[in-house]
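According to this note's numbering, the sequence shown is numbered sequentially starting from 465. No residue lacks a Cβ here, since even glycine has one placed at the ideal position from N, Cα and C. All values derive from a computational prediction rather than experimental measurement.
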Amino acid sequence: MSLFRDLIAKAYAAAHGAQSAPGIDVEDLKAMLEKKEDVVLVDVREDWEWDKARIEGARHIPLGQLPDRVGELEKAAQTVVYCKLGGRSARAVIHLRRCGFENVLNLDGGIDAWAEHVDPKVPRY
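Here you go:
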């Protein structure tokens with residue numbers, strides 16, 4: 465990612481709440497998955513985004529459906545939420561924490577950072 469695009473992505477994520485939710489770096493998530501740690505991945509992007517790209521093993525619950533579907537997730541589970549850049553997933557993390565989830569983190573940089581730094585086979589859009 466170019467420096468300019470990286471700065472734009474960070475500014476967008478900050479403006480949309482990513483700075484107010486605890487996060488995890490894509491490299492740290494990769495390490496957890498490689499160690500086969502028990503992690504629930506939740507993708508809160510829209511259906512068309514899910515159809516374009518996803519992280520293998522993720523569950524898809526669009527942000528707008530999360531309040532109605534929160535019961536599908538276990539409060540005690542170690543959960544990482546992602547979107548494209550981190551803004552929507554930060555809002556999801558805040559919502560989940562208000563619902564009693566303690567082990568929930570936002571994927572810093574979202575699926576875009578994952579595609580750039582971890583899995584270049586994941587399409588960027």
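CB contact flag (residue i, residue j, <8 Å)
i, j, result
"G550", "L571", "yes"
"V534", "L560", "yes"
"M496", "V490", "no"
Through-space distance from residue j to residue i, alpha-carbon basis
i, j, result
"D515", "H524", "10 Å"
"V586", "G564", "32 Å"
"K548", "G573", "7 Å"
"V582", "I558", "25 Å"
Classification of residue i by the beta-carbon crowding that lies within 10 angstroms, buried from 16 upward
i, result
"R588", "exposed"
"S553", "buried"
"W512", "exposed"
"R509", "buried"
"G521", "exposed"
"A556", "buried"
"R562", "exposed"
"D532", "exposed"
"G487", "buried"
Residues bridged to residue i (per DSSP)
i, result
"H524", "D507"
"Y546", "D507"
"L569", "V544"
"I488", "L571"
Selected residue, minimal CA-CA separation from residue i, among the options
i, options, result
"E566", "E580, D583, E538", "E538"
"D507", "E498, A517, E580, A540", "A517"
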